[in-house]
Each structure stands twice: as C-alpha cells, then as structure tokens.
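Right, one structure below, let's go through it.
Residue numbers (the working numbering), protein chains in the order written: chain A, 4 to 172; chain B, 5 to 244.
Below, the structure is given as structure tokens:
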C-alpha cells in the first residue's frame, strides 16, 4: 500500500476488513465495555482516514499504525471515563492494568487462541491449572513424555504467533 | 515439522518447555542443565522459550478459552458512513471557502444558503435534509444539528457551543418505537471547530428525535420526518 493510500475510502474498508477484529478485541480488553470499544474502533479508523496521507509503510505496517492510533484513542476514552463515576456495562469493572501490559496480555490471549488445541490444552492443564504431567497424560491417554513435548511445541507455536503479531520480546 | 537441530539434541529439546516452566523433576532438570552447559544452540532455544513462558501469567485462561469477541456487523457501515459524511462536509467547506474567496454578494449569498441548511434535498431518501435547533437550553449553551438522508441511514452534523471544553458528547437518534440508535461521540473543544460529523444507521424518515448527552446532561429535540417544522418548540432535557 503506497503512502497516503489510506485516505481513500476503499482502502479504509479493506483495512477494516483486515484489522477490525483485532482492534475491537484489544479495545474491549482495555475498556471492558462493548459500547466504548465500538467507539474506540470507529474513532481509530476515522483518525486513520483523516491522517491517511501521513501513513508510511516504510516506517511500519498498517496494523502497527492502527494499533498506535487505537492506543491513543483508548487513553482518551479511559481519561474521559475516569472523570465519570460510572460502572462499566454489565457491572464489570474496567481493567486497571497499565495499557502496555493490557496490550501484551491481549496478545498472549489472542496467541493462545490461535495455537493448536492439543498444545493449548496441555498448557492450560499443566501451567494454568497446575496439574501434574502424569495426571494430564493419563487423562489424555498418552505417555507423559508426549505431554512434555506438547508443552515444548506449544511454547514454540506461541512464540511464532506472537512474532507474527509484532511481539519483539 | 522438520527438526532443525542434531538428533543428539532432540530428546533434550523436548524437555525445554517443562524446564522453562519450572515443571521438570530434579533428575531430568540436572541432566538437561548439564546438556545446556555444552550446547549453545539448545541454550539459545531455552532462553527464547523462557521469554515466552514469562508472558503466560499475563493471560487469563477464562478469556482465551472463549471465542475472540467480534466487532458488531454494523460498525463497519457506521465508520464508512461517518467518513463519507465528513468527506462531504469537507467538500462543502472547501466549496464555501472557494465561493467566499471569489468575493461579491453572489458568493456570500451562496455561503449563507449553505449555512441555513433548511430544506435542501438529500442524496438518498424521500425526505429532505433537516436542520434542528435545540430550544430551552441552559443559558449560554447552543446546540444545533443537520440531518441528511442517505442510503445507509442518516448523516448528522452537530454544532455545540457553551459546554465545558473537553466534554464528551454522545449522540443518538430515536426511532418510531422509542428505540435509540447510536450515532457516535465527539469531544467539544473550546476554540476549536465545534461541528462534529457523525452518522447513524437509522433512516431519517424513521427518526423521531435526536438526543445529545453532553457530560451528564441529555438534551433531546424532536425531528419531524415530514419536514423541518416544529423543531423549535418542544425539546426537553431528559433526566439521566
């Protein structure tokens, strides 16, 4: 996409088709409110369109640029909400994590969704639920060594997905 | 997956996941640590995986066990409509500026006609564009809106003056059954361009009122689908 291409509405539509899911997921994770998340994504694309001439793919990807805009929008919306003594939709309190940490947490959660079911399952059972490898192996009907190798390949898969998502370690 | 390390390392490598997560039994861990001492390639792999393992506590398994949330289908249309509305407004502004630059009474009259925005024909509907003035507002506050019919719904240009700078304003249209259809938000900035261009999926022909929540107060003005009459006499402030 050449510089300035996002100033065309057709390219905004293409950018929306490619990235709105991730942007909405991060906005929802950050703001804890679907209405605010929609506002954040809408504002992100409108700002991107207004500043389309300044987008330069030599500097970074469109995805990275959109996330940078969304980050600022989330900060603005978070400040506005902090000024109002309200509780988020459904009574769920909004996240209090620093934004960078929220972004990282969202990336890891999204990466966990994208790795294979076998790998995700052993990581959930052994790491998040703290179950012994032998117990997990018996439940899955595989040798304990297989659980260990799945944990290994699961972490490798997670690393690949995180790198695809722009995580640089 | 094709292995990219020597066969002698294969068995050790498959323990690296449990190793970096601190789950390896003492004996296996000691054996692996001895191998890592003499194998830079496996050591590099262990360090790389350790960085990934350190991120795991950030994630909440309850969240990633559920499908990823999806943006509502109409959000894309709303964004396209907002951008389209803003582009049209920019176009009009440029034309107006160009007209004023020409000078003369004719150009000024043309600009005034654009500002009145009373019953200009819309692009995509059977109802005319409408200008709504909010009445009975607190002293010093002025709110006006222009609603323009489109195939996608209604483009809305909102003008606000007199509220505190930085106030978040949420705009919605109300349908024939009292339902609210969101039209987006903007922030009023003192001294800046205070006209916001927004859009809603609700057709202008079905719109009965426009509401603006500015800070903690909501103002509503009726919209007459038949034309821009009676908009000045009965708007109200809603309890919020």
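Glycine included, each C-beta is placed from N, C-alpha and C at the ideal position.
Exercise. Taking residue 200 of chain B as the reference, which of B/209, B/206, B/189 has the closest Cα?
Worked result: Position 196 of the second chain, counted from the start, is the residue given in the question as residue 200 of chain B. Answer by Cα proximity: B/189.
Exercise. Does the beta-carbon distance from residue 65 of chain B to residue 127 of chain A come in below 8 Å?
Worked result: Translated into positions along the second chain, residue 65 of chain B becomes position 61. Translated into positions along the first chain, residue 127 of chain A becomes position 124. Yes, the pair counts as a contact, with Cβ atoms nearer than the cut-off.
Exercise. In terms of residues, what are the limits of the beta strand (DSSP E) holding residue 153 of chain B?
Worked result: Indexing the second chain from 1 puts residue 153 of chain B at position 149. First-last of the beta strand (DSSP E) with residue 153 of chain B: 146-154.
For this session: Determine which residues of the region 151-171 of chain A have a Cβ less than 9 Å from any Cβ of chain B, and write them out in chain order.
Result: Residues passing the 9 Å Cβ filter: 151, 152, 153, 154, 155, 156, 157, 158, 159, 161, 162, 165, 170.
For this session: For residue 204 of chain B, write down the residues that DSSP places opposite it in a beta bridge.
Result: Stepping through the second chain from its first residue, residue 204 of chain B is reached at position 200. In the DSSP output, where bridge partners are listed per residue, residue 204 of chain B has B/158.
Exercise. Who are residue 215 of chain B's beta bridge partners in DSSP?
Worked result: Numbered from 1 along the second chain, position 211 holds the residue referred to as residue 215 of chain B. Its beta-bridge partners are B/176, B/224.
For this session: Measure from the C-beta of residue 68 of chain A to each C-beta in chain B and report whether the shortest distance is under 8 Å.
Result: As a first step, residue 68 of chain A must be located in the first chain, where it is residue number 65. It does not: the Cβ of residue 68 of chain A has no partner Cβ on chain B nearer than 8 Å.
For this session: Would you mind working out which of B/22, B/209, B/63 sits nearest residue 115 of chain A, comparing C-alpha positions?
Result: The count along the first chain starts at 1 and reaches residue 115 of chain A at position 112. Here the closest residue by C-alpha is B/63.
For this session: Assuming residue 23 of chain A and residue 56 of chain A form a contact by the criterion Cβ under 8 Å, report the distance between their Cβ atoms to the nearest whole angstrom.
Result: The residue you call residue 23 of chain A lines up with position 20 of the first chain. The residue you call residue 56 of chain A lines up with position 53 of the first chain. That pair is no contact at about 22 Å.
Problem set entry | Cβ contact (3+ pairs, closer than 8 Å) linking the region 18-28 of chain B and the region 142-153 of chain A | yes
Exercise. Under three-state DSSP, which class holds residue 130 of chain A?
Worked result: On the first chain, residue 130 of chain A is found 127 positions in, with the first residue counted as 1. In the structure shown, residue 130 of chain A sits in a helix (DSSP, three-state: H, G or I).
Problem set entry | Cβ-Cβ distance between residue 79 of chain B and residue 41 of chain A below 8 Å | For the purposes of this step, residue 79 of chain B is taken as residue 75 along the second chain, with counting starting at 1. For the purposes of this step, residue 41 of chain A is taken as residue 38 along the first chain, with counting starting at 1. Cβ atoms of residue 79 of chain B and residue 41 of chain A: closer than 8 Å.
Problem set entry | Euclidean distance between Cα positions of residue 179 of chain B and residue 134 of chain B | In the second chain, counting from the first residue as 1, residue 179 of chain B sits at position 175. In the second chain, counting from the first residue as 1, residue 134 of chain B sits at position 130. If you take the alpha carbons of residue 179 of chain B and residue 134 of chain B, they lie about 16 Å apart.
Exercise. With residue 253 of chain B and residue 82 of chain B assumed to form a contact (beta carbons below 8 Å), what rounded beta-carbon distance in angstroms separates them?
Worked result: Given that chain B is displayed from residue 5 to residue 244, the structure contains no residue 253 of chain B and the question cannot be resolved.
Problem set entry | Where residue 135 of chain A sits in the DSSP three-state scheme | Along the first chain, one-based indexing puts residue 135 of chain A at 132. Here residue 135 of chain A sits in coil by DSSP.
Exercise. Measuring CB to CB, does residue 175 of chain B end up less than 8 Å from residue 151 of chain B?
Worked result: Your numbering for residue 175 of chain B matches position 171 in the second chain. Your numbering for residue 151 of chain B matches position 147 in the second chain. Not in contact: residue 175 of chain B and residue 151 of chain B (Cβ atoms no closer than 8 Å).
Problem set entry | C-beta atoms of residue 34 of chain A and residue 20 of chain A nearer than 8 Å | Residue mapping note: residue 34 of chain A aligns to position 31 of the first chain, counting from 1. Residue mapping note: residue 20 of chain A aligns to position 17 of the first chain, counting from 1. Against a cut-off of 8 Å, the Cβ pair of residue 20 of chain A and residue 34 of chain A comes out as no contact.
Problem set entry | residue 154 of chain B versus residue 76 of chain B: straight-line alpha-carbon distance, rounded | For the purposes of this step, residue 154 of chain B is taken as the residue at position 150 of the second chain. For the purposes of this step, residue 76 of chain B is taken as the residue at position 72 of the second chain. Each residue's alpha carbon lies about 21 Å from the other.
Problem set entry | Contact under 8 Å by Cβ, residue 169 of chain A with residue 67 of chain A | Your numbering for residue 169 of chain A matches position 166 in the first chain. Your numbering for residue 67 of chain A matches position 64 in the first chain. A distance below 8 Å separates the beta carbons of residue 169 of chain A and residue 67 of chain A.
Exercise. Taking the alpha carbon of residue 87 of chain B as the point to measure from, which residue in B/182, B/156, B/193 has its own alpha carbon closest?
Worked result: Counting from 1 along the second chain, the entry for residue 87 of chain B is found at position 83. Cα-wise, what sits closest to residue 87 of chain B is B/156.
For this session: Could you tell me whether any Cβ in chain A is nearer than 8 Å to the Cβ of residue 223 of chain B?
Result: As a working note, residue 223 of chain B is residue 219 in the second chain. It does not; no Cβ of chain A falls within 8 Å.
Exercise. For residue 171 of chain B, which three-state DSSP category applies?
Worked result: Stepping through the second chain from its first residue, residue 171 of chain B is reached at position 167. Coil, per DSSP.
Problem set entry | Below-8 Å beta-carbon distance, residue 27 of chain B vs any chain A residue | Locating residue 27 of chain B in the second chain gives position 23, where the first residue counts as 1. So, interface residue.
Problem set entry | Within chain A, partners of residue 48 of chain B - CB distance below 7 Å | On the second chain, residue 48 of chain B is found 44 positions in, with the first residue counted as 1. Residues of chain A passing the Cβ test: none, with the nearest at roughly 13 Å.
Problem set entry | Test item: CB-CB of residue 40 of chain B and residue 158 of chain A under 8 Å | Position 36 of the second chain holds residue 40 of chain B. Position 155 of the first chain holds residue 158 of chain A. No, the Cβ-Cβ distance between residue 40 of chain B and residue 158 of chain A is not below 8 Å.
For this session: Could you confirm whether any beta carbon from chain B is found closer than 8 Å to the beta carbon of residue 48 of chain A?
Result: Sequence index remark: in the first chain, residue 48 of chain A carries index 45 (1-based). Output row for residue 48 of chain A: interface = yes.
Problem set entry | Opposing strand residues paired with residue 163 of chain B [DSSP bridges] | Counting from one through the second chain, the residue named residue 163 of chain B turns up at place 159. Looking at the DSSP assignment, residue 163 of chain B forms a beta bridge with B/148, B/199.
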